[in-house]
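Per the working numbering, residue 2 is the first one in the sequence shown, and the count goes up by one each step. Even glycine gets a Cβ: it sits at the ideal position worked out from N, Cα and C. See structure below.
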Amino acid sequence: MQKVDVIIIGAGAAGLMCAISAGSRGRSVVVMDHANKVGKKILMSGGGRCNFTNYYAEPANYLSKNEHFCKSAMSRYTQWDFIGMVEKHGIPYHEKKLGQLFCDNKAKDIVNMLLEECSEVDADVRTHCSVEQIKKQDEGFLLITSQGKWQCQSLVIATGGLSIPTMGATGFGYDIARQFGLKVLDTTAGLVPFTLTPHLLEQFEGLSGTSADSIVSCNGQSFRENILWTHRGLSGPAILQISSYWRPGDSVGINLFPDIDLLEHLKERQQSNPKSHLNGVLSETLTKKLADRLCELWFVDFYKKPLAELSNEQMAAVAEQCQSWQLKPTGTEGYRTAEVTLGGIDTDEVSSKTFEAKKVQDLYFIGEVLDVTGHLGGYNFQWAWASGHACGQYV
Ligand code: FDA
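Set out below in structure tokens:
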């Protein structure tokens, strides 16, 4: 039987940060992960460059049944604290856009930094370690693992969500929560591309790879970013963002001309250039391929006429369709490609200060396994760092 102060299950973003935070207080820490490598999602994130935080991270960037839950941890470990650690390790980084910070080189720089910090505080990080059983004892827990029996005072669950099962994601954290009588809210895939009906896919055939700067809206939320046509449907940052607010059956509103009043613009062009054609005017903003296709699909009756011959009603219809396009996705690509999991362990069950379960002394939950989900843009890692750090101060 091996004894240690703190066992953290899950060597991802939140688990490693918690190990650093607890280890720096002199606690003996073991981090156990069943995968063959630590931080796999960090390694694959941000296209291999890890969008590790965001200059503008704040509680409004998170979805949760309790929108206040994330505030305490986020204020105790901010993006500036994490940037400080990145700079201390001399890792070059840059802002790509919208406050999103990426490594100049590789995401591995972030994993190496976390492992160096773990090693400085003597936290023992183990891979290939599966946890078979967890038993509550009078004080702390007994764990039966593929690497023997362990006893700990504090047990932290940092096993993340369900997205990308091929990267080691499991429902383990939810199972443990249920084992100890904690409520787990329904989960769904978030930050995920939409799938479309076969009919719509046929209409958009050949547009795969085309993108358009748009405002996308659903259920009272809007995001302005690119949307991207794919072989399966629609993706791109604006679509990923709105997918977290979309529910099956909902339509999504898309404004393909976010900078102009399209009706006014068409009227102006009708005056200044009466011989021009609708697809030509639309392709001043959209790619020619997209403008041509949308004209064939939506305005087939009149788009070949010169603008001078279009009625006000026809131009109003064009503006309405292009600026308030209502699209009904059939679904999403699901956990296979989702960046995050919405829902999870009900935050009512956990202290927002310590992350200890209110009903089970010495049991803690951090990171994505909780019902806290960030927008796209480095916010999810910031939640992992903040919750991991806060919890590490109390285990
Ligand atoms: P995380 O998933 O990081 O770690 C959980 C760990 O637990 C894993 O190492 C896993 O192997 C382990 N584990 C699971 N079950 C276990 C079990 N039964 N026993 C032992 N170990 C177990 N966010 C962001 O802010 N910026 C970005 O650029 C991106 N990019 C991105 C790309 C892609 C493709 C994905 C899928 C996700 C992102 N994200 C992101 C989201 C981000 O990766 C995610 O929110 C955090 O990694 C969550 O951190 P956690 O530590 O909670 O879980």
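Span separating the alpha-carbon of residue i from that of residue j
i, j, result
"P93", "I158", "31 Å"
"C119", "C219", "42 Å"
"F409", "I228", "With the chain covering 2 to 396 only, the question about residue 409 has no answer from this structure."
"G16", "S25", "14 Å"
"G389", "H69", "17 Å"
"C392", "M45", "25 Å"
"V32", "A124", "7 Å"
"W326", "L267", "17 Å"
"Q148", "R248", "42 Å"
"L144", "G221", "45 Å"
"I8", "S65", "27 Å"
"S312", "W386", "57 Å"
"E458", "V253", "No statement about residue 458 is possible, as the shown extent of the chain runs from 2 to 396 and does not include it."
"A317", "K290", "22 Å"
Rounded distance between the beta-carbons of residue j and residue i, thought under 8 Å
i, j, result
"A292", "N280", "5 Å"
"T196", "G332", "5 Å"
"Q271", "F83", "Contact doesn't hold; Cβ gap of about 53 Å is too wide."
"L186", "D372", "5 Å"
"S230", "L208", "Here residue 230 turns out to be Trp, not Ser, going by the sequence shown. The Cβ separation is near 4 Å, so the contact holds."
"G378", "L99", "6 Å"
"A108", "Q80", "Not quite, the Cβ-Cβ distance comes to about 17 Å (not below 8 Å), so this is no contact."
"T167", "D34", "In fact, because the Cβ distance is near 15 Å, the residues do not count as touching under 8 Å."
"G328", "I255", "According to the sequence displayed, residue 328 carries Leu and not Gly. The pair is a contact, with the Cβ atoms about 6 Å apart (cut-off 8 Å)."
"L183", "I43", "Their Cβ separation, rounded to whole angstroms, is 27 Å, which puts L183 and I43 out of contact at 8 Å."
"Q315", "F303", "5 Å"
"A74", "S353", "7 Å"
"N67", "H376", "Contact flag wrong, Cβ pair sits at about 17 Å."
"N55", "Y380", "6 Å"
Element boundaries [alpha helix (DSSP H), containing residue i]
i, result
"L267", "L263 to S273"
"M457", "Given a span of 2 to 396 for the chain in the structure shown, any question on residue 457 remains unanswerable."
"R50", "Run containing R50: none; DSSP gives neither H nor E here."
"N280", "L279 to L283"
"E96", "That residue, E96, is in no alpha helix (DSSP H); its beta strand (DSSP E) goes Y94 to E96."
"D372", "Per DSSP, D372 belongs to no alpha helix (DSSP H) and is neither H nor E."
"I165", "Unbroken run through I165: none, as it is neither H nor E."
"A213", "Counting along the chain, A213 falls outside any alpha helix (DSSP H), though it belongs to the beta strand (DSSP E) covering S212 to C219."
"F1", "With the chain covering only 2 through 396, there is no way to say anything about residue 1."
"Q3", "Not the alpha helix (DSSP H): Q3 falls in the beta strand (DSSP E), residues Q3 to I10."
Candidates the options, of which the one nearest residue i by Cα
i, options, result
"G161", "V341, Q242 and A239", "V341"
"A170", "K41, I9, G254 and G141", "K41"
"F224", "E68, M114, L202 and P238", "P238"
"K72", "Y78, P60, Q80 and V126", "P60"
"A12", "D6, V30 and L241", "V30"
"Q204", "T338, S245 and C296", "C296"
"S245", "G344, L116, A20 and K359", "G344"
"G49", "D110, A20, C19 and D34", "D110"
"D363", "K137, L102 and N62", "K137"
"D139", "L257, I240, S353 and V361", "V361"
"T189", "F181, L202 and G172", "G172"
"G174", "V370, L143 and Y380", "V370"
"Q394", "A23, I8 and D262", "A23"
"E88", "H376, L102, L64 and L144", "L102"
"I243", "I261, V217 and S252", "V217"
"D260", "L235, L241 and A320", "A320"
"N106", "R77, F53, S131 and S352", "F53"
Any C-beta of chain B under 9 Å from that of residue i
i, result
"G16", "The chain labelled as chain B is not found in the depicted structure, where only one protein chain is given."
heavy atom of the ligand ATP below 8 Å from residue i C-beta
i, result
"Y380", "Because the ligand ATP does not appear in the structure shown, any question about it cannot be addressed here, the ligands present being the ligand FDA."
N-terminal and C-terminal residue of the beta strand (DSSP E) that residue i is part of
i, result
"V185", "V185 to G191"
"L343", "V341 to I346"
"H376", "Where H376 is concerned, there is no enclosing beta strand (DSSP E), given that its DSSP letter is neither H nor E."
"D139", "Neither: D139 is in no beta strand (DSSP E) and is coded neither H nor E."
"R225", "Q222 to W230"
"G254", "V253 to N256"
"Q148", "From DSSP, Q148 is part of no beta strand (DSSP E); its letter is neither H nor E."
"G100", "Premise fails: G100 is in no beta strand (DSSP E) and is neither H nor E."
"R127", "D125 to R127"
Same chain, Cβ closer than 6 Å to residue i, five either side skipped, listed in chain order
i, result
"K150", "M2"
"E226", "P238 and A239"
"D6", "R28, S29 and Q154"
"H90", "M114"
"Q134", "I145"
Other residues of its chain near residue i: CB distance less than 7 Å, five sequence neighbours each side excluded
i, result
"K306", "none"
"K4", "Q152"
"S212", "N227, I228, L229 and G237"
"S284", "A292"
Proximal residues to residue i (C-beta, below 8 Å), its chain only, five neighbours per side dropped
i, result
"R233", "P194, T196, L197, L202 and E334"
"S277", "R270, P307 and L308"
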